[in-house]
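Asker: Note that the sequence shown covers residues 1 to 223 in the working numbering.
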Amino acid sequence: MNKSTKIIFSLSALTIIVFAIAMVKSFINLKSSRETRVKAANVIVYTHSSFMDAYGSGAELKAEFEKSCDCTIEYVDVGGAASAIERIKLDPERRVDVILGLDHLLLGRAAQHIKVQEIVPPDINWVKAIRPYVYSRFMPYDWSPMGFIYRKSETQPAKNWKEAFQSLPKNSMSVQDPSMSAPGLEFLYWLYATQEDFAAALKKVSPIIHTYSPSWSASYGLF
1 MNKSTKIIFS LSALTIIVFA IAMVKSFINL KSSRETRVKA ANVIVYTHSS FMDAYGSGAE
61 LKAEFEKSCD CTIEYVDVGG AASAIERIKL DPERRVDVIL GLDHLLLGRA AQHIKVQEIV
121 PPDINWVKAI RPYVYSRFMP YDWSPMGFIY RKSETQPAKN WKEAFQSLPK NSMSVQDPSM
181 SAPGLEFLYW LYATQEDFAA ALKKVSPIIH TYSPSWSASY GLF
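1. Measure the alpha-carbon distance for K203 versus S49 and round it to whole angstroms.
2. Please name the residue, chosen from P121, W126, V175 and F198, that lies closest to Y150 on a Cα-to-Cα basis.
3. Among P122, F187, S83 and D197, which one has its Cα closest to the Cα of L100?
4. For E60, count the other beta carbons within 10 Å of its own beta carbon; 16 or more makes it buried, fewer makes it exposed. Which is it?
5. What three-state label does DSSP hand F51 in the structure shown?
6. State yes or no: is the C-beta of A182 within less than 7 Å of the C-beta of G80?
7. DSSP three-state call for S213: helix, strand or coil?
8. Beta carbon of Y133, beta carbon of P122: below 7 Å?
9. Is S49 a contact residue of the ligand ZN, with contact defined as CB to any heavy atom under 6 Å?
10. So is S136 in contact with chain B if we call contact Cβ pairs under 7 Å?
11. Ends of the alpha helix (DSSP H) at P183?
12. Using DSSP's beta-bridge definition, name the partner residues of T155.
13. Give me, in chain order, the residues of the same chain whose beta-carbon lies closer than 6 Å to that of Y46; leave out the 5 immediate sequence neighbours on both sides.
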């Protein structure tokens with residue numbers, strides 16, 4: 001790739017990220033007590049690439065959780081949230097215990113295709129923006145606005161979409177494929193929710209986009 005190409009990268013800061021305890025084939029017996037003990041040899045967790053890489057929190061959380069359970073956490077990198085759902089649809093008999101990293105826009109699809117056990121929600125005073133997304137089978141664990149990563153030496157940040165359409169150079173933005181990636185779907189929803197004419201907005205943003213990558217990590221690799 002030409003080094004002069006300016007790439008703006010859609011940040012994986014999702015409006016809501018949720019996890020589901022998914023019972024696809026077998027159940028794990030959870031006991032409610034001051035110290036929860038999970039009676040299982042291993043807990044299989046489907047999650048996304050950025051959670052597992054060197055900069056993610058996956059390794060640290062795994063180590064901390066394993067201190068308080070009779071189990072071993074086994075992460076499976078499925079690339080993204082949409083990919084996790086598709087993998088379970090293709091192989092519904094494969095055991096999966098936890099799906100970590102679903103997006104609120106994918107909850108309907110997840111509920112349709114995955115047998116999910118209800119979760120007893122903890123006694124938490126949820127942030128107002130998160131309250132509408134607390135369900136019996138899905139539990140929020142993170143929230144933040146969408147954003148971009150950019151090089152200050154190459155690109156001046158736009159303050160709004162109108163300015164972005166006018167000032168950003170062609171082939172300067174790397175975003176995620178909305179059919180495969182939760183951040184990509186959020187990006188599309190962001191345009192839909194903020195632009196009066198969604199079709200026109202898509203036409204304006206299309207020349208700016210350099211790549212539709214399969215995941216957040218793939219976009220960052222291009223950046």
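Where a beta carbon is used, it is the ideal one built from N, C-alpha and C, also for glycine.
Quick caveat, the model's predicted, so the values are computed rather than measured.
Answerer: If we stick to the structure as given:
1. Spanning the two alpha carbons is a distance of roughly 30 Å.
2. Considering only alpha carbons, the answer is V175.
3. Of the listed residues, the one whose Cα sits closest to L100 is S83.
4. Exposed.
5. Looking at F51 - three-state DSSP - the assignment turns out to be helix.
6. Contact flag set, yes.
7. S213: strand per DSSP, three-state reduction.
8. No.
9. Here there are no bound small molecules, and the ligand ZN is not part of this structure.
10. The structure shown contains no chain B, having only a single protein chain.
11. For P183, the enclosing alpha helix (DSSP H) stretches over residues A182 to T194.
12. The secondary-structure analysis by DSSP pairs T155 with nothing; it has no beta-bridge partner.
13. Taking C-beta separations shorter than 6 Å and ignoring five residues to either side along the sequence, the partners of Y46 in its chain run V76, V78, A84, V96 and I99, following chain order.
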